[in-house]
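Numbering (full-length UniProt numbering), first residue to last: 1 to 293.
Even glycine gets a Cβ: it sits at the ideal position worked out from N, Cα and C.
Owing to the predicted nature of the structure, the values given are computational and were not obtained by experimental measurement.
This is the structure in structure tokens:
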């Protein structure tokens, strides 16, 4: 605007129309140009984030092909348990003396080959319990015992090898990071089973498309979980975003197939009409187990 104020006396009234056009053009450009200039710092931050993600992918790729030395005593072989006991476990969000929310004390037994369903309202602690079961969260109190033997934190990595999970806040990657040997034929069969064969394919260990609906993404996460083929399957409201056909298929077919294959299943659910599909049902409220069926 200062430039226009400088030019106006120079050109006078003979070029007033040109000057008005110039003013209009500048006024229209001020907003977009301001947004472009304002986005430059964000673009720099985005570029840094992409670089860090790329470096993280490189680390993951290298770790897959490296032989990591492990103490065989710290790894619990797949299916090598009969019973896992969670004895008086507690977890506190925030300050332990004045926590924002607490889960526990929880006394729970997980038996090999069973289907355990967990129900409860929103915020009752179901998802937190799953993360305590898998030791993604360390209990603040209590013990985890495998066939009567207490599990120390040093043994958590081996213990976690028992689990494959689809949590409510799961994230999908295009690449199949967790598998050394990738069987395209098996993956395509699972994609067909999940009715995703027309939505995506796999080649060279990478999905062609993960831009799917929420329900379809959960089915693709299920494919990944089945490929991992661990001893214990964890599902956090997996059926919540499925259509009625797939919801029924999950409870009446998939869970039974996993159990027949010798797998243990722990599933959070709100679908009371399918409560009878589990061997046991526990209900939670305010971070505690209030009933067991």
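Going straight from the alpha carbon of residue i to that of residue j, what length do you get?
i	j	result
residue 114	residue 224	21 Å
residue 188	residue 48	36 Å
residue 74	residue 151	Because the pLDDT at residue 74 is just 45, under 50, the model does not fix this residue reliably, and the value given afterwards should be weighed accordingly. In a straight line, the C-alpha of residue 74 is about 10 Å away from that of residue 151.
residue 258	residue 94	37 Å
residue 290	residue 200	43 Å
residue 221	residue 241	13 Å
residue 32	residue 170	37 Å
residue 247	residue 25	57 Å
residue 208	residue 148	46 Å
residue 256	residue 250	9 Å
residue 161	residue 50	30 Å
residue 28	residue 41	23 Å
residue 71	residue 154	At residue 71, the pLDDT of 49 sits below 50, so the modelled position is not reliable and the matter cannot be decided from this model.
residue 122	residue 237	11 Å
residue 133	residue 39	43 Å
residue 54	residue 273	45 Å
residue 275	residue 156	31 Å
residue 235	residue 52	30 Å
Under 8 Å, do residue i and residue j count as touching if we go by C-beta distance?
i	j	result
residue 218	residue 166	yes
residue 84	residue 110	yes
residue 260	residue 277	no
residue 191	residue 226	no
residue 138	residue 106	no
residue 300	residue 88	With the chain covering 1 to 293 only, the question about residue 300 has no answer from this structure.
residue 264	residue 231	yes
residue 130	residue 37	no
residue 142	residue 287	no
residue 215	residue 175	no
residue 112	residue 163	no
residue 239	residue 197	no
residue 127	residue 168	yes
residue 210	residue 172	yes
Does residue i come out as helix, strand or coil in the three-state DSSP assignment?
i	result
residue 280	strand
residue 185	helix
residue 28	helix
residue 264	strand
residue 230	coil
residue 92	strand
residue 39	helix
residue 164	strand
residue 99	coil
residue 154	helix
residue 192	helix
residue 294	Since the displayed the chain opens at 1 and closes at 293, residue 294 lies outside it and no answer follows.
residue 288	strand
residue 121	coil
residue 107	strand
residue 259	helix
residue 136	coil
residue 220	helix
residue 58	helix
residue 116	strand
residue 85	strand
residue 77	Any reading at residue 77 must be qualified, since the residue scores a pLDDT of 46, below 50, and its modelled position is unreliable; no value is offered.
Excluding the 5 residues preceding and the 5 following residue i in the sequence, name in chain order all residues of the same chain whose CB lies nearer than 6 Å to its CB.
i	result
residue 293	281
residue 100	93, 94
residue 146	81, 84
residue 279	114, 115
residue 108	86
Could you tell me which residues DSSP puts in a beta bridge with residue i?
i	result
residue 207	202
residue 141	90
residue 53	According to DSSP, residue 53 bridges with nothing at all.
residue 235	166, 267
residue 175	206
Is residue i close to chain D? Criterion is C-beta to C-beta, closer than 8 Å.
i	result
residue 157	No chain D appears in the structure shown, which is made up of a single protein chain.
Taking 8 Å as the limit between beta carbons, can you name the residues of its chain near residue i, skipping five residues before and five after?
i	result
residue 144	84, 85, 86, 87, 89, 135, 150, 151, 159
residue 184	202, 203
residue 182	176, 202, 205
residue 186	227
residue 195	219, 246
residue 243	215
Which residues in the same chain as residue i place their Cβ atom closer than 7 Å to its Cβ, once the five residues preceding and following it in sequence are excluded?
i	result
residue 44	none
residue 140	90, 91, 92, 96
residue 77	Bear in mind that the predicted position of residue 77 carries a pLDDT of just 46, short of 50, making it too unreliable to give a figure here.
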